[in-house]
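One structure below.
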Amino acid sequence: MGVSVSGWRLARAVSTCGQLGVVSGTAIDVVLSRTLQLGDPGGHFRRALAAFPLREAAERILRKHFIEGGKPAGSPFRPIPMVGHQPSRETEELVIAANFSAIHLAKEGHDGWVGLNLLEKIQPPTLAALFGAMLAGVDVVLMGAGIPRQIPGMLDRFAAGEPAEHRLDVTGGTAPVTMRLDPADHGITGPLHRPMFLPVVSSHVLALTLARKASGRVDGFIVEGPVAGGHNAPPRGTMQLNESGEPVYGERDKIDPEAFVKLGLPFWLAGGRAHAGSLADAMACGARGIQVGTAFALCRESGFDPALKSRIIESLRNDSLEIRTSAAASPTGFPFKVAQVAGTVAEPAVYQARRRVCDMGVLREIYQKSDGSVGYRCASEPVDDYVAKGGDAADCEGRLCLCNALCASAGVPQVRNGEEEACLVTLGDDLAEIRGLLGDRDEYTAEDVIRHLRG
Ligand SMILES: Cc1cc2nc3c(=O)[nH]c(=O)nc-3n(C[C@H](O)[C@H](O)[C@H](O)COP(=O)(O)O)c2cc1C
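Here you go:
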């Protein structure tokens with residue numbers, strides 16, 4: 006769960022309980038830089054960097070990003086360069102180090118499994134993210150938001166100590182744009198542990214395509230339905246919207262566990278599976294288990310900013326927390342679950358008041374310019390800029406800057422003219438169970454969730 010909602014603390018708590026804790030790799034380079042700029046409270050990232058095998062890179066990162074005692078309150082974070090198809094060595098090192106650090110910290114002090122979640126839609130950092138996570142011995146890579154066909158091959162290459170390549174999706178592209186990362190360029194020459202690869206899919210047809218046509222071994226699937234938090238797969242066929250502007254899902258979007266059983270690979274069901282009987286139900290229809298997000302997103306160890314988490318829990322408790330599936334919010338074009346929390350960009354007045362700015366660029370679309378070179382655009386950037394890059398102004402309507410808003414929710418908001426960027430909260434539709442889990446308490450832990458799920 007990005008950005009940093011499933012950070013290393015939550016992943017570690019879940020893994021310590023004997024389940025698969027997953028670290029979100031999304032924008033984790035930004036989180037590392039900003040945490041160091043805040044003085045690295047607790048010294049966790051400095052401890053991880055002390056174990057980072059790329060020693061000179063670790064020194065460079067600390068020199069550049071760490072601020073003893075933290076940046077002055079109310080001052081902006083120093084921005085880091087956006088990750089593009091030709092990242093500088095420094096940028097590549099930061100992505101490698103950030104993914105290494107998060108997995109390293111999540112694995113500290115126990116021998117449970119830890120996974121890394123990435124999004125297929127966010128391609129330029131992928132090679133560096135996988136390499137960094139594999140340096141820390143990541144056990145599983147989980148990847149959704151697209152068709153991650155090339156990932157297994159990359160894992161195989163890095164595992165063999167060889168360079169890996171990634172051919173990027175370029176809108177209107179006629180010439181291939183390929184990134185390459187050679188471990189030897191970073192002084193790493195030996196083999197690495199090859200993690201399992203579990204794509205996140207919403208249909209068995211996509212799963213079959215991946216099982217047959219991926220560049221290497223697929224080890225199983227996370228099968229996610231449309232009630233899940235975060236991004237959702239669009240409905241099959243042409244997207245119809247209801248009167249509130251939400252995508253309408255129908256019979257064809259229902260998960261068919263039997264079809265997955267026939268594929269013969271292990272699978273885990275996700276989306277609204279936090280009920281006490283969900284695990285047993287899933288196993289009864291052939292699944293290996295379940296993946297749960299929302300219940301963990303609100304537990305003590307999750308990476309939501311603590312004040313924001315308390316506000317969400319308060320509105321959950323008084324039954325005023327509403328979740329909408331927005332067809333417009335995400336620049337990826339995928340439906341995205343938006344919790345209607347006061348003071349966040351989900352509130353129309355807050356959304357209108359925000360000046361559009363694109364300075365993180367995690368979700369930018371890569372496109373081919375008329376001169377054949379490669380450009381970047383995002384439907385959440387200033388509309389004139391987007392249109393000047395060949396984008397359609399209509400695509401900008403209702404788009405949120407997930408990069409800035411989700412970093413704000415993770416407690417590292419950029420500050421502009423003395424004001425912090427507003428937060429955004431994504432959660433799944435199924436909140437009733439979490440209300441029950443909370444009971445009269447102010448908070449619950451990851452262990453409480455696991456105990457509840459195991460019945
Ligand atoms: C706050 C939050 C952030 C999420 N972010 C991601 C993400 O970055 N990548 C991803 O593959 N899934 C993401 N998800 C989906 C979860 O990984 C999980 O599959 C889903 O939450 C399961 O459904 P549930 O929310 O009903 O438990 C997110 C979910 C939540 C609640």
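Residue 382 in the working numbering sits at position 377 of the sequence shown; the count goes up by one each step and never skips. We put the CB at the ideal spot given by N, CA and C, even for glycine.
For G255, same chain residues with a beta-carbon under 7 Å away, outside a window of 5 residues either side, are P240 in chain order. Residue burial is scored here from C-beta neighbours: E426 has at least 16 other C-beta atoms within 10 angstroms and is therefore classed as buried. Looking at the DSSP output, V10 sits in no beta bridge, so it has no partner there. Short note on Q345: C-beta not closer than 6 Å to any heavy atom of ligand 1. Exclusion of the five residues before and after A233 leaves A275, G276 and G433 as the residues of its chain whose Cβ lies within less than 6 Å of its Cβ. Relative to ligand 1, the beta carbon of N409 is positioned no closer than 6 Å to any heavy atom.
Distance check between V223 and each of G158, A189, A164 and N237 places G158 closest, using alpha-carbon atoms only. Proximity to R83 across A219, L43, A102 and L124 peaks at L43, based on C-alpha coordinates.
In this structure the stretch 92-110 touches the stretch 60-78; the number of beta carbon pairs closer than 8 Å is three or more. Closest in alpha carbon position to V205, among V145, E263, E306 and L197, is V145.
Cβ atoms of R421 and P81 come within 8 Å of each other, at about 7 Å. Here the alpha carbons of L59 and S320 stand approximately 45 Å from one another. Within the model, the alpha-carbon separation for G225 versus P387 is close to 40 Å.
Straight through space, the alpha carbons of P271 and H115 are spaced by roughly 25 Å.
For M184, the uninterrupted beta strand (DSSP E) segment begins and ends at T183 to L186.
The DSSP-derived three-state label of I127 is coil.
The continuous alpha helix (DSSP H) containing A312 extends over residues P311 to R322. C412 and A138 have their C-alpha atoms roughly 21 Å apart.
DSSP lists no beta-bridge partner residue for K112.
In the structure shown, H171 falls within a strand segment according to DSSP collapsed to helix, strand and coil. The DSSP-derived three-state label of S38 is helix. In terms of Cβ geometry, P336 and R404 form a close pair [threshold 7 Å].
Excluding its 5 nearest sequence neighbours in each direction, R199 has C-beta neighbours in its own chain below 6 Å: L160 and A164, listed in chain order. For F301, the enclosing alpha helix (DSSP H) begins and ends at T299 to A302. In the displayed model, I156 falls within a helix according to three-state DSSP. When DSSP states are grouped into helix, strand and coil, K342 belongs to the strand group. Between the alpha carbons of G166 and K126 lies a distance of about 26 Å.
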